[in-house]
Amino acid sequence: MAPALTGAFFVRGWTMDWSYIAAHVPDFLGGAWVTLSYGLIGVACSAVLGLLCSLVRVFRVPVLRALVRAYVELSRNTPLLVQLFFLYAGLPRVGVKLSAGACAVVGLTFLGGGYMAEAFRSGLEAVDRSQREAGECIGLTPLQTVRYVVLPQAFATAAPALFANMIFLIKETSMLSVVAIMDLMNVADTLRTGGGRTIEVLSMLVVAYVVILLPVSLLATFAERRMRFAGFGRQHTV
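Just so we're aligned, residue 545 is where the sequence shown starts under my numbering, counting upward by one.
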């Protein structure tokens, strides 16, 4: 005789308790909002930092160029977990104490800035020097040439790497739980260790990340296709 399935889904010896999932959906919604908020803030800040760093390297600014290169290597070759521990537990040893939120933003920016810098640098270096010379010939200042001629083409070329870095940074917010940020990972871990049902908790965690990241991935793909269709980033010769 088949077992009665009241509020649960039976599969090979374990049950999926839908009533438990429904009861904790608000917890995951709150965690998803925290994850998305920190992820987007980190993406925005790292994009600005990465752009500035790439301009310093491409235009060979004295002294700063060496410092930026050292920063890029350090940020790209150390895990976010180590960076967060340094900010949250290391800096207070020398009298600098940051809140958990500040550590999260600084950590994501520090990590993402290095990746964004390399993405922007590849885009900037792909723009032929003749494009800058053409801008100067029509009377644009160096700053205007960079803003209106170089950057649009560089962004179009670097777009795939930039969008990939965006998704990467949002996923890296899963490390923020180590500094007591109530993101999705922290919510799931709290429910799991508090006697909750592991399968249900992990299933909700997976679904939550898919719901957050899938629209970002689809939007990135759409934007890349639109830029290719419009011909952005292509350099034509006469």
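Note that the Cβ used here is the ideal one computed from N, Cα and C, for glycine as well.
Item: Which complete beta strand (DSSP E) runs does the segment 656-719 hold, if anything under 3 residues is left out?; Value: none
Item: In this structure, does DSSP put residue 727 in helix, strand or coil?; Value: coil
Item: Under 8 Å: do the segment 736-745 and the segment 615-623 share three or more Cβ pairs, one atom per stretch?; Value: no
Item: When the Cβ atoms of the segment 599-608 are set against those of the segment 763-770, are three or more pairs found closer than 8 Å?; Value: no
Item: Helix, strand or coil, according to DSSP, for residue 765 in the structure here?; Value: helix
Item: What residue range does the alpha helix (DSSP H) around residue 643 cover?; Value: That residue, residue 643, is in no alpha helix (DSSP H); it is neither H nor E in DSSP.
Item: In its own chain, which residues sit with a C-beta less than 7 Å from the C-beta of residue 600, not counting the 5 before and 5 after it?; Value: 608, 609, 612
Item: Going by CA-CA distance only, name the one from 750, 717, 771, 748 that's closest to residue 526.; Value: The first residue shown for the chain is 545 and the last is 782, placing residue 526 beyond what the model contains.
Item: Is it true that the CB of residue 675 sits closer than 7 Å to the CB of residue 649?; Value: no
Item: Below 7 Å CB to CB, which residues in the same chain sit around residue 653 once its five sequence neighbours on both sides are set aside?; Value: 586, 589, 590, 593
Item: What did DSSP end up calling residue 759 once you bin it into helix, strand or coil?; Value: helix
Item: Taking a contact to mean a Cβ-Cβ separation below 7 Å, would you say residue 584 touches residue 719 in this structure?; Value: no
Item: If we define contact as Cβ-Cβ less than 7 Å, is residue 600 a contact residue for chain C?; Value: The structure shown contains no chain C; it is built from a single protein chain.
Item: From 659, 629, 638, pick the residue whose C-alpha is nearest to that of residue 646; which is it?; Value: 629
Item: Give the secondary structure of residue 622 by DSSP, where H, G and I count as helix, E and B as strand, and everything else as coil.; Value: coil
Item: Going along the chain, which residues of its own chain have a beta-carbon closer than 7 Å to the beta-carbon of residue 671, five neighbours each way excluded?; Value: 694, 697, 698
Item: Residue 710 and residue 721 - do their beta-carbons sit closer together than 7 Å?; Value: no
Item: Alpha carbons only, please: which of 760, 750, 757 is nearest the one belonging to residue 569?; Value: 750
Item: How long is the line joining the alpha carbons of residue 554 and residue 561, rounded to whole angstroms?; Value: Confidence at residue 554 is low in this model, with a pLDDT of 49, below 50, so the placement of that residue is unreliable and no value is reported for it.
Item: Whose CA, out of 663, 712, 736, 723, lies closest to the CA of residue 757?; Value: 712
Item: Secondary structure at residue 606, three-state DSSP: helix, strand or coil?; Value: coil
Item: Could you check whether residue 736 and residue 723 sit closer than 7 Å to each other, using their CB atoms as the reference points?; Value: no
Item: So, for residue 571: in the same chain, excluding its five sequence neighbours on each side, which residues have a beta-carbon less than 6 Å away from its beta-carbon?; Value: 731
Item: Quick check: the Cα distance between residue 669 and residue 643, rounded to an integer number of angstroms?; Value: 38 Å
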